[in-house]
Amino acid sequence: MIKQVFTASLLMLGLAGFNAQAEDKFVAITQIVEHPALDACRQGVQDELAEHGYVVGKNLKWMYESAQGNPTTASQIAKKFAGEEPDVIVAIATPSAITAAAAARNTPIVFSAVTDPVGAKLVKSLDNPGGMVTGTTDMLPLAKHMELIQKILPGVKNIGTIYNPGEANSVSMVNRLKTELPEGITLHEAAATKSSEILNAARSLIGKVDAIYLQTDNTVISAVEAVIKVGEQNKIPVIAADTDTVKRGAIAAYGFNYYDVGRQTGAIVSEVLSGKAPSEIPVGQVEKLELYLNPGAAERMGVTFSKELLDEAKEIVES
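Residue 758 in the working numbering is what sits at position 137 of the sequence shown, and the numbering runs on without skipping anything.
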């Protein structure tokens, strides 16, 4: 009997070792640019995978590269990753997702922080992605954002927005914004193809707008301090879609916590690592929204928040 138990124990240990070896996985993660929201998203992916048993340095090989805002570099990273043959490529933001999908057609791809994955031709539909690509979308609740701006500035007539016309998700959001603007409000656009152009783009809105609305354009958010500077110097309130931007000087944002977006993405990655095909996993949509306010920044831009709005906030940022 003792011999049988001992033999069974050895067998279980052998199987455990075999399973641990079988669970070793390789995830390559590409990110279009480094800024707090996307960095939080990446951390969320890693933390969620750890909760599912995939731990970096133990049974998970983790390769990460940033394109530093350069689409050409993003394409080079995608081609490199395709040659590395990871189990999954995680692509954060639309430009990285598009290049990964084009370069690694035989590798499962899970995207995150992609505003319009259907418009970007990454998936056929949100419910039935098809192919080798799925992920999590951060489609913005524009109606709620416009409502927030009107709460802060009841008499607002002109809203400015800055975007990179080379980012597919940004163009999509601007087009949506044009159709969803409340009656009586005019949209003024300022284009910037790289971060060094953001300051001049913001300055071009001076005297034309009552507020500047920043969507989740990666080029703009990576250099958002330039927009904040213009807002403070000219008393133009800057309202963002990204809550992390409030910590950097925007007065308010009603949006997603991008760490949570990353956690949701990580859960999808885990499904793929366990053998599920991307085509069988619907694109995840973030439902939890949070209001962040920065009263100090608001004061510098000539705005005072109502008590009602302050009471509604998830977080009050002091700066």
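We put the CB at the ideal spot given by N, CA and C, even for glycine.
Close CB contacts of residue 744 within its chain, under the 7 Å cut and outside five residues either way in sequence, are with 738, 750, 751, 754, 755 and 904 (chain order). Per DSSP, residue 895 is not a residue of any alpha helix (DSSP H), being assigned neither H nor E. Between residue 858 and residue 719, the C-beta spacing is not below 8 Å.
In this structure, residue 864 sits near residue 876, with a CB-CB distance shorter than 8 Å.
For residue 702, the secondary structure class from DSSP, reduced to helix, strand or coil, is helix.
In the DSSP assignment, residue 813 falls outside any beta strand (DSSP E) and carries neither an H nor an E. For the pair residue 649 and residue 811, the Cα-to-Cα distance works out to about 35 Å.
Non-local beta-carbon contacts of residue 725 in its own chain, meaning distances under 7 Å to residues more than five positions away in sequence, involve 699, 702, 703 and 710 in chain order. With contacts defined as CB atoms closer than 8 Å, residue 826 and residue 862 fail to qualify as a contacting pair. In this structure, residue 906 sits near residue 760, with a CB-CB distance shorter than 8 Å. For a cut-off of 8 Å, the C-beta gap from residue 656 to residue 842 is around 5 Å, short enough to register as a contact. Look at residue 868 here: in three-state DSSP terms it is helix. By the CB criterion at 8 Å, residue 780 and residue 830 fall inside the cutoff. Residue 682 carries a strand assignment under DSSP once its states are collapsed to helix, strand and coil. Burial state of residue 894 is buried, judged by a 10 Å Cβ sphere holding 16 or more other Cβ atoms. Sequence-distant partners of residue 658 (beyond 5 residues in either direction) whose C-beta falls short of 6 Å from its own C-beta, in its chain, are 863, 865 and 879. Annotation for residue 889: 731, 755, 756, 757, 902 and 905 place their beta carbon closer than 8 Å to its own, counting only its chain and skipping 5 residues before and after. In terms of Cβ geometry, residue 913 and residue 892 do not form a close pair [threshold 8 Å]. Counting of Cβ neighbours within 10 angstroms places residue 805 among the exposed residues, the total staying below 16. Taking residue 767 as the centre and dropping the five residues before and after it, the same chain places the C-beta of 803 closer than 6 Å to its C-beta, in chain order. In this structure, residue 662 keeps its C-beta atom at 8 Å or more from the C-beta atom of residue 867. The alpha helix (DSSP H) runs of length 4 or more contained entirely in the region 874-918 are, from start to end of the chain, 879-894.
For residue 781, there is no enclosing alpha helix (DSSP H); the residue is found in the beta strand (DSSP E) stretching over 779-784. Straight-line measurement puts the Cα of residue 823 at about 16 Å from the Cα of residue 795. For residue 687 and residue 801, the gap between their C-alpha atoms comes out near 33 Å. Look at residue 939 here: in three-state DSSP terms it is coil, with no helix or strand label.
In the DSSP assignment, residue 654 falls outside any beta strand (DSSP E), carrying neither H nor E. Setting aside the 5 residues that flank it on each side, residue 736 is surrounded in the same chain by 715, 758, 759, 760, 761, 790, 793, 794 and 837, each with a C-beta closer than 7 Å to its C-beta; the list follows chain order. The beta-bridge partner set that DSSP reports for residue 687 consists of 652. In the displayed model, residue 742 falls within coil according to three-state DSSP, outside both helix and strand.
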